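Undergrad: Have a look at this one.
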Amino acid sequence: MVHNDLRDWIDDLEERNDLKRITAEVDWNEEIGAITREISSQFGPALLFENIKGHRQTLCRRLFTNGTGTRERVCRLLGVSEKTSYREMVAIFKDRFAKPVKPITVSKGPVKENIVKGDAVDLFQFPVPKWNPHDGGRFIMTSASIVTKDPDTGILNAGTYRGMIGKKNTIGVLLAMTQGWGKHFSKYKNRGEEMPVAVVIGWDQTLFIAASTPVNHSEYELAGSLRGAPVELVKCETSDLLVPASAEIVLEGFVSADPKTFEPEGPWTVQRVPGLLCGT
Ligand SMILES: Cc1cc2nc3c(=O)[nH]c(=O)nc-3n(C[C@H](O)[C@H](O)[C@H](O)COP(=O)(O)O)c2cc1C
């Protein structure tokens, strides 16, 4: 079964009694991270935090975690039997990745419903957890897909790269030059240009699987092959990057090679279960 977006996936989980809504107040500061880690260790349900301290009135108020926390849930994302073993899944991945599905471009989508620009941008409106006691801050890019474009070929890359909120409109990142976006960044740097970036947070989690896998092919096409339907893409507001039309949240920005713009990031401590923000 194809999941159109994150909400569709959450509905599916709820119907199968594989989602727990957390209505008790929880703190973004280490509590959500601890709860998610514990439930994930027990192969428990996906979690939707609906009452987050300091975020009852903010633009974004809910956080979804542990969506890919069990083999059975990954099977459902792929539309195969929950009894499929890890060994069988390897063959399924190889088969699907051998048959990429091209995305389609559309002119509009729900991601455009609420647009915040300029000085109004405030990342602290999002209930981003400080996941672990020794983390350097609030990591907003965990299971995000970060989209960049090769300025020479126009080919898009989507990769999962961590990012920590700095100021209200900045995110510190670990930008390794060996990664997809690092290779793009080198080219923009040589041209003396900033690199446009779009951070996709919350969509069909097949994109997260493709973006966090080292593949030498368009992640949008591979997400299409995993979900069995093309990804519908829409153009960004501030660049010509393309993002899923029904993504929950897209952060648009630029990465500069000017050291004056650099910000500290990290530490990023123990391995964690990535979380997804849900818009209002
Ligand atoms: C939660 C999570 C966080 C990650 N953070 C980073 C990161 O900060 N930097 C990085 O280079 N790779 C990171 N990775 C690994 C990349 O997602 C992985 O190497 C992927 O293949 C990158 O895509 P690319 O091959 O298109 O560059 C992370 C993976 C996950 C699952």
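Those letters in the sequence shown? Residues 66 to 345, per this note's numbering, in order.
Just so you know, even glycine gets a beta-carbon here, dropped at the ideal spot from N, CA and C.
Computed from a prediction, not measured in an experiment: that's the story for all the values here.
Per DSSP, what kind of secondary structure is residue 112 in: helix, strand or coil?
TA: DSSP places residue 112 in strand when its eight states are reduced to three.
Undergrad: Using beta carbons (cut-off 7 Å, strictly below), is residue 305 in contact with chain B?
TA: The structure shown contains no chain B, having only a single protein chain.
Undergrad: Assign residue 270 to one of two classes, buried (16 or more other C-beta atoms within 10 Å of its C-beta) or exposed (fewer than that).
TA: Result: buried.
Undergrad: Given residue 143, which residues of its chain have a CB within under 7 Å of its CB, disregarding the five upstream and five downstream residues?
TA: For residue 143, where only same-chain residues beyond five positions count, the Cβ hits under 7 Å are 157, 291.
Undergrad: With DSSP run on the structure shown, which of helix, strand or coil describes residue 86?
TA: Residue state, collapsed to three classes: strand.
Undergrad: Can you give the Cα-Cα distance for residue 380 and residue 113, rounded to whole angstroms?
TA: Here the chain comprises residues numbered 66 to 345, so residue 380 is not present and cannot be evaluated.
Undergrad: Pull up the distance between the alpha-carbon of residue 286 and that of residue 298, whole angstroms please.
TA: The alpha-carbon atoms of residue 286 and residue 298 are separated by roughly 11 Å.
Undergrad: Under the criterion of a Cβ to heavy atom distance below 6 Å, does residue 227 qualify as lining ligand 1?
TA: It does: the Cβ of residue 227 is within 6 Å (strictly closer) of some heavy atom of ligand 1.
Undergrad: For residue 316, verify whether its CB is less than 6 Å away from any heavy atom of ligand 1.
TA: Checking every heavy atom of ligand 1 against the Cβ of residue 316, none is found closer than 6 Å.
Undergrad: Helix, strand or coil for residue 293? Go by DSSP, reduced to three states.
TA: It is coil, neither helix nor strand.
Undergrad: For my contact list, residue 189 and residue 196 are in at a C-beta cut-off of 8 Å; report their separation, rounded to the angstrom.
TA: About 16 Å separates the two Cβ atoms, so there is no contact after all.
Undergrad: Taking 7 Å as the cut-off, decide whether the C-beta atoms of residue 210 and residue 272 are in contact.
TA: Yes, the pair counts as a contact, with Cβ atoms nearer than the cut-off.
Undergrad: Could you check what DSSP says for residue 345 in three-state terms: helix, strand or coil?
TA: Confidence at residue 345 is low in this model, with a pLDDT of 47, below 50, so the placement of that residue is unreliable and no value is reported for it.
Undergrad: Need the endpoints of the alpha helix (DSSP H) that residue 271 sits in, please.
TA: Residue 271 -> alpha helix (DSSP H) spans 271-276.
Undergrad: So for residue 194, helix, strand or coil by DSSP?
TA: Reduced to three states, the DSSP call for residue 194 is coil.
Undergrad: Any chance the CB of residue 241 is under 6 Å from a heavy atom of ligand 1?
TA: Correct: residue 241 has its Cβ closer than 6 Å to ligand 1.
Undergrad: Of all the options 115, 96, 99, which has the alpha carbon lying nearest to the alpha carbon of residue 85?
TA: Checking every option, the nearest Cα to that of residue 85 belongs to 115.
Undergrad: Straight-line CA distance for residue 148 to residue 73?
TA: Rounded to the nearest angstrom, the two C-alpha atoms are 22 Å apart.
Undergrad: Quick check: residue 267 and residue 71, are their CB atoms within less than 7 Å of each other?
TA: Going by C-beta atoms, residue 267 is nearer than 7 Å to residue 71.
Undergrad: Taking the beta carbon of residue 219 as the centre, do at least 16 other beta carbons fall within 10 Å, making it buried, or is it exposed?
TA: It is exposed - the Cβ of residue 219 has fewer than 16 other Cβ atoms within 10 Å.
Undergrad: May I ask you to verify whether the segment 300-318 touches the segment 175-183, counting CB pairs closer than 8 Å and requiring at least 3?
TA: Touching, yes, given that three or more Cβ pairs across the two stretches are closer than 8 Å.
Undergrad: For residue 304 and residue 313, which I take to be in contact (beta-carbon distance under 8 Å), what is that distance rounded to the nearest angstrom?
TA: No, residue 304 and residue 313 are not in contact; Cβ-Cβ is about 19 Å, not under 8 Å.
Undergrad: Please list the terminal residues of the continuous alpha helix (DSSP H) segment that includes residue 154.
TA: Start and end: 151-162.
Undergrad: Would you mind working out which of 244, 294, 96 sits nearest residue 52, comparing C-alpha positions?
TA: This structure cannot speak to residue 52, because the chain is shown only from 66 to 345.
Undergrad: Can you give the Cα-Cα distance for residue 345 and residue 126, rounded to whole angstroms?
TA: Confidence in residue 345 is poor, its pLDDT being 47 and thus under 50, which makes the residue's placement too unreliable to answer from.
Undergrad: When you measure from the CB of residue 270 to every non-hydrogen atom of ligand 1, does any distance come out below 6 Å?
TA: Not so, every heavy atom of ligand 1 lies at least 6 Å from the Cβ.
Undergrad: Residue 252 lies in the beta strand (DSSP E); which residues open and close that run?
TA: Taken as a continuous stretch (DSSP letters only), residue 252 belongs to no beta strand (DSSP E), being part of the alpha helix (DSSP H) at 245-256.
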